[in-house]
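Working notes, structure below.
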Amino acid sequence: MNPRTPDIADLGFKVGDHVCGFYTEGGSSLDDIVVRYVSQGLQSGDKCYCFLDNTPSPSVQARIPLQLMKRENTLQFVPADEAYVPDGSFSKDARMRGLEGLVQGALSEGYERVWCLGETSFLVRNAVDMKAWFAYEAELNEYAPRYPQLIICLYNLDRFDGETVMNVLETHRRVFVNGIVIPNPYYVAAHEFPGGR
Amino acid sequence: MTAVKGSAAGADDLELPPRAALPGANAVFALSLILTQVSSPHQVMRLVTTAVPSVVQTKRVLVWHPSRAGEYYERAPENIGGALAGLMAPSRLEMDDCSSWWAFPLGPPSGDNSIFLVTVGPKPPSEEETFLLSVLAQLCGTVIAKLELIAAERASSQRVAALNAQLESTVSTLTKIMETHRRLNEIVATGGEMGIAMTLHRLTALPVLIQDVHGNVRACVGEAIGGQSGKEAPARRRELIRRLRVAHRAVYHRQAWMVLANPRADVLGVIALVDPARTASETDLAALEYAATVLSVELAHLQSIAEAELRSQRDFAEELLAGADESAVKASAHVLGYDPQRPHRVVIAAGPSRGGLDEQFFHSVVRHARGLDVGSLVVARTDYVVIIADREADLAKLQAAIATDLPNHTCRLAVGSSYPDAWHVAASYREAQFVASLASSALSNPAVPVLYFDSLGVYRMLSSVADPAGIEAFMNQQLGPLIEYDRQHHASLVLTLARYFQSGCNYDGAATALSVHRSTLKYRLKRIRDVLGRDPNDGSARLDLHLATTVWLTLDSLRCSGTTNQRLDLDRLG
Numbered sequence: 019m020n021p022r023t024p025d026i027a028d029l030g031f032k033v034g035d036h037v038c039g040f041y042t043e044g045g046s047s048l049d050d051i052v053v054r055y056v057s058q059g060l061q062s063g064d065k066c067y068c069f070l071d072n073t074p075s076p077s078v079q080a081r082i083p084l085q086l087m088k089r090e091n092t093l094q095f096v097p098a099d100e101a102y103v104p105d106g107s108f109s110k111d112a113r114m115r116g117l118e119g120l121v122q123g124a125l126s127e128g129y130e131r132v133w134c135l136g137e138t139s140f141l142v143r144n145a146v147d148m149k150a151w152f153a154y155e156a157e158l159n160e161y162a163p164r165y166p167q168l169i170i171c172l173y174n175l176d177r178f179d180g181e182t183v184m185n186v187l188e189t190h191r192r193v194f195v196n197g198i199v200i201p202n203p204y205y206v207a208a209h210e211f212p213g214g215r
Numbered sequence: 192m193t194a195v196k197g198s199a200a201g202a203d204d205l206e207l208p209p210r211a212a213l214p215g216a217n218a219v220f221a222l223s224l225i226l227t228q229v230s231s232p233h234q235v236m237r238l239v240t241t242a243v244p245s246v247v248q249t250k251r252v253l254v255w256h257p258s259r260a261g262e263y264y265e266r267a268p269e270n271i272g273g274a275l276a277g278l279m280a281p282s283r284l285e286m287d288d289c290s291s292w293w294a295f296p297l298g299p300p301s302g303d304n305s306i307f308l309v310t311v312g313p314k315p316p317s318e319e320e321t322f323l324l325s326v327l328a329q330l331c332g333t334v335i336a337k338l339e340l341i342a343a344e345r346a347s348s349q350r351v352a353a354l355n356a357q358l359e360s361t362v363s364t365l366t367k368i369m370e371t372h373r374r375l376n377e378i379v380a381t382g383g384e385m386g387i388a389m390t391l392h393r394l395t396a397l398p399v400l401i402q403d404v405h406g407n408v409r410a411c412v413g414e415a416i417g418g419q420s421g422k423e424a425p426a427r428r429r430e431l432i433r434r435l436r437v438a439h440r441a442v443y444h445r446q447a448w449m450v451l452a453n454p455r456a457d458v459l460g461v462i463a464l465v466d467p468a469r470t471a472s473e474t475d476l477a478a479l480e481y482a483a484t485v486l487s488v489e490l491a492h493l494q495s496i497a498e499a500e501l502r503s504q505r506d507f508a509e510e511l512l513a514g515a516d517e518s519a520v521k522a523s524a525h526v527l528g529y530d531p532q533r534p535h536r537v538v539i540a541a542g543p544s545r546g547g548l549d550e551q552f553f554h555s556v557v558r559h560a561r562g563l564d565v566g567s568l569v570v571a572r573t574d575y576v577v578i579i580a581d582r583e584a585d586l587a588k589l590q591a592a593i594a595t596d597l598p599n600h601t602c603r604l605a606v607g608s609s610y611p612d613a614w615h616v617a618a619s620y621r622e623a624q625f626v627a628s629l630a631s632s633a634l635s636n637p638a639v640p641v642l643y644f645d646s647l648g649v650y651r652m653l654s655s656v657a658d659p660a661g662i663e664a665f666m667n668q669q670l671g672p673l674i675e676y677d678r679q680h681h682a683s684l685v686l687t688l689a690r691y692f693q694s695g696c697n698y699d700g701a702a703t704a705l706s707v708h709r710s711t712l713k714y715r716l717k718r719i720r721d722v723l724g725r726d727p728n729d730g731s732a733r734l735d736l737h738l739a740t741t742v743w744l745t746l747d748s749l750r751c752s753g754t755t756n757q758r759l760d761l762d763r764l765g
């Protein structure tokens with residue numbers, strides 16, 4: 019990580035973060051989290067990748083300060099299926115390579131940091147092997163600090179049960195909850211997590 | 192929606208660490224963070240019951256209520272419900288299997304509302320696990336209470352918002368209605384019917400029609416299309432008026448909302464909001480109904496003025512026909528704004544004889560007399576209608592127009608002479624009456640629909656002779672025996688002789704005029720020769736007798752009309 023890159027103070031994110039967040043369809047909104055996270059990234063002049071099921075509606079995009087984009091593609095919305103299950107199934111290594119390639123590409127274009135946001139409802143839709151998924155989540159904890167990047171994984175509480183939520187908590191150092199990022203005491207280091215390194 | 196289970200298939204090769212080794216307290220703290228974000232009690236319990244096996248060693252986790260099922264809990268088995276209801280603290284449940292059942296109350300004890308988190312494990316929870324499950328259950332109770340409170344507040348806010356919206360709508364409606372009343376009240380003083388229609392159109396943005404009771408348009412604003420373009424049949428119109436009378440509010444008919452303008456029992460008109468798409472709001476209909484009230488006042492006012500005007504005109508006409516003198520006529524005419532110093536003549540219109548004046552006939556005469564600009568003063572008599580014509584007009588056209596309105600097309604006009612001013616109308620009236628009586632008796636010719644006094648020839652001369660005594664003496668000398676015979680035998684030999692001469696001594700013509708058979712006529716003529724002692728066809732006798740019968744007819748006509756003729760003294764006819 020470039021030691022000169024400062025932390026992003028407003029929401030409590032730190033460079034090298036791998037954070038989880040939760041939302042519900044009747045309460046805290048995915049749109050609100052996306053708008054806040056991406057707005058913060060654009061305000062910092064950084065590259066933003068959003069891996070979402072659906073591109074945000076025009077009314078949601080209108081809330082994002084797109085005028086802050088340095089270039090036309092500073093903010094990119096990528097369909098979650100295309101990013102995570104391009105061949106119809108999830109592969110931890112393939113996904114890791116793909117993500118690393120995107121981040122390296124952005125840094126080579128001159129961006130100082132990369133903000134990644136991944137929404138995970140595709141796991142249900144594609145019946146992804148959850149063990150493989152959490153092995154990937156565990157490995158991200160070691161991958162994230164290697165680059166000047168911030169990663170947030172979002173889970174829909176209407177679609178996942180408590181056991182999955184507990185696994186999410188085990189695989190993320192910090193949690194984005196009620197608008198702030200706080201340390202997660204339930205985190206299990208990757209080398210201790212089943213399937214992790 | 193399908194929730195993903197953490198223990199998905201294909202994970203057999205994955206070695207899970209013993210759950211008891213997990214930092215349980217941290218797990219509860221982390222889970223409590225997540226619970227702050229859930230949106231419903233059902234979601235709370237779903238997450239907790241599926242997360243607990245990750246925190247303590249247990250096989251199943253349930254949510255029970257002692258006596259009923261709910262959105263996020265099940266009803267406990269009957270054999271355990273009673274015991275469960277009395278629990279105040281974490282307790283073991285006595286079930287009929289080898290598992291260890293434990294119940295943890297959600298929140299503080301609340302009688303019938305107590306709900307429990309129930310764990311089923313291979314052995315009783317440890318002291319630490321009991322503590323963690325108690326904390327988690329209490330936390331669930333608190334979160335659920337908070338969510339229920341939020342839901343109640345939200346529902347309350349929605350109720351308040353709905354009430355506010357309703358109140359706002361009511362205030363808005365009342366404001367609009369007040370504005371409607373104000374504008375219509377203002378316009379009625381200055382704008383009349385058209386003003387009312389214009390104002391209602393502006394208030395509703397819909398075309399407005401004002402009709403009389405028959406469906407004739409009195410005022411129209413906006414494009415009245417479709418069903419309102421034509422006049423409907425009288426029977427259907429009567430049915431509509433009946434419905435409107437009963438409804439006392441707007442009725443939808445022929446693509447329009449309609450309301451009666453009837454200040455009292457009378458129906459003065461109908462006001463309609465043309466609305467083919469039925470888009471009129473309650474406020475629009477309220478405006479229509481108030482416009483009907485305002486229109487009622489306006490129409491009643493107009494009717495009152497019209498009635499007063501008619502009364503005044505009728506009184507003035509009676510004054511003229513009665514022979515008021517010049518100064519009286521001039522005074523009344525001045526009040527009415529009427530010009531008396533122009534030529535006047537009287538026209539009597541007689542219609543079908545049905546033992547009285549027919550109302551339809553009267554209205555027809557009034558309408559056409561005004562429509563053809565014959566005269567504005569029209570009064571009714573028992574058997575006919577009198578028109579005081581104040582300008583020369585085509586009376587044949589008037590007769591034809593009136594006749595067209597009548598079922599048997601029977602209408603005759605008797606016309607007096609024209610006089611230079613209104614105070615000579617009485618003279619023209621007497622002449623018209625004389626002509627009218629001739630038309631029905633002496634001339635006996637329905638083929639003459641318009642008969643002018645000026646065209647009467649010898650009749651006119653006879654009716655206007657200054658001293659009629661000599662003429663009557665001549666008549667009595669010529670016809671005395673015949674008149675006496677008729678009186679004694681109730682016969683009509685004088686009339687027979689008169690018709691014989693009128694028909695040019697033609698047997699067939701006379702028989703037809705008298706409605707008798709030719710042989711009867713011949714018999715009567717023989718009797719006449721016998722009574723008179725001379726033959727009516729002889730040269731000098733024929734002229735004398737013809738003249739005498741004409742005098743007799745004239746006097747008879749005057750007597751039948753009841754006229755007190757200034758020039759022919761009827762009293763002397765005996």
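Same order as they appear, the protein sequences are chains A and B.
Oh and the first sequence: position 21 is 39 in this note's numbering, straight run, nothing missing.
Oh and the second sequence: position 483 is 674 in this note's numbering, straight run, nothing missing.
For every residue, glycine included, the Cβ atom is placed at its ideal position computed from N, Cα and C.
Close partners of asparagine 72 of chain A in chain B (Cβ separation under 7 Å) are lacking, with about 16 Å as the shortest Cβ gap. Assignment of methionine 449 of chain B by DSSP, reduced to helix, strand and coil, places it in the strand class. Per the C-alpha coordinates, the member of B:Thr687, B:His737, B:Arg678 positioned closest to phenylalanine 665 of chain B is B:His737.
The DSSP-derived three-state label of arginine 558 of chain B is helix.
For the pair valine 247 of chain B and aspartate 147 of chain A, the Cα-to-Cα distance works out to about 24 Å. Distance from the Cα of glutamate 622 of chain B is smallest, within the candidate group B:Arg651, B:Val461, B:Gln532, for B:Arg651. Taking C-beta atoms as the reference points, glycine 386 of chain B and valine 465 of chain B fail to come closer than 8 Å. Distance from the Cα of glutamate 473 of chain B is smallest, within the candidate group B:Gly460, B:Thr321, B:Val685, B:Ser363, for B:Ser363.
In this structure, leucine 324 of chain B sits near proline 316 of chain B, with a CB-CB distance shorter than 8 Å.
Apart from the 5 residues on each side of it in sequence, tryptophan 743 of chain B sits with its Cβ closer than 8 Å to the Cβ of Met666, Leu670, Ile674, Val685, Ala689 in its chain, given in chain order.
With fewer than 16 other beta carbons inside 10 angstroms of its own, glutamine 357 of chain B counts as exposed.
Take the alpha-carbon of isoleucine 432 of chain B and the one of glycine 528 of chain B: they are about 38 Å apart. Spatial neighbours of serine 230 of chain B in its own chain (CB-CB distance under 8 Å, excluding positions within 5 residues in sequence) are listed in chain order as Leu338. Residue ranges of uninterrupted alpha helix (DSSP H) with 4 or more members, entirely inside the segment 139–195 of chain A and ordered along the chain, are 140–143, 148–161, 180–188. Cβ contact annotation for arginine 259 of chain B (same chain, cutoff 8 Å, sequence separation greater than five): Arg266, in chain order. Annotation: glycine 273 of chain B is outside any beta strand (DSSP E); the continuous alpha helix (DSSP H) that includes it extends over 269–276. Under the three-state reduction of DSSP, arginine 283 of chain B is assigned to strand. By the 16-neighbour rule on beta-carbons within 10 angstroms, leucine 84 of chain A is exposed. Residue state for glycine 332 of chain B is assigned as helix, using DSSP reduced to three classes.
Among the CB atoms of chain A, one or more fall inside 8 Å of the CB of proline 244 of chain B. Residues of the same chain with a CB within less than 7 Å of the CB of phenylalanine 295 of chain B, apart from the 5 flanking positions on each side, are Pro281, Phe307, Leu308, Leu324, Ser325, Ala328 in chain order. Under DSSP, the beta-bridge partners assigned to glycine 312 of chain B are B:Ser291. In chain order, Thr189 place their CB closer than 6 Å to the CB of glutamate 155 of chain A, counting only its own chain and leaving out the 5 sequence neighbours on each side. The C-beta separation of aspartate 699 of chain B from arginine 709 of chain B comes to about 7 Å, placing the pair in contact by the 8 Å criterion. Residue environment analysis places tyrosine 263 of chain B among the buried positions, since at least 16 neighbouring C-beta atoms fall within 10 angstroms of its C-beta. Sorting B:Thr381, B:Pro232, B:Gln668, B:Met389 by C-alpha distance to the C-alpha of cysteine 331 of chain B places B:Pro232 at the top. Taking the CA atoms as reference points, alanine 80 of chain A sits about 53 Å from alanine 410 of chain B. At a cut-off of 8 Å between beta-carbon atoms, threonine 42 of chain A makes contact with chain B.
The criterion of a C-beta distance shorter than 8 Å is satisfied by alanine 540 of chain B and cysteine 602 of chain B.
In the DSSP assignment, glycine 460 of chain B is bridged to B:Ala452. Leu187, Val193, Val195, Asn196, Asn202, Pro203, Tyr204: these are the residues of the segment 187–211 of chain A whose beta carbon lies less than 7 Å from some beta carbon of chain B, given in chain order. A distance of 8 Å or more separates the beta carbons of phenylalanine 69 of chain A and glutamate 127 of chain A. Interface annotation for the segment 156–181 of chain A against chain B: Leu175, Asp176, Arg177, Phe178, Asp179, Gly180, Glu181, criterion Cβ-Cβ distance under 7 Å. Nearest to alanine 98 of chain A by C-alpha distance, out of A:Cys171, A:Gly197, A:Pro201, is A:Cys171. Taking every protein chain shown into account, the CB of proline 244 of chain B has 16 or more other CB atoms within 10 angstroms, so this residue is buried. Interface with chain A (8 Å Cβ-Cβ cutoff): asparagine 304 of chain B is excluded.
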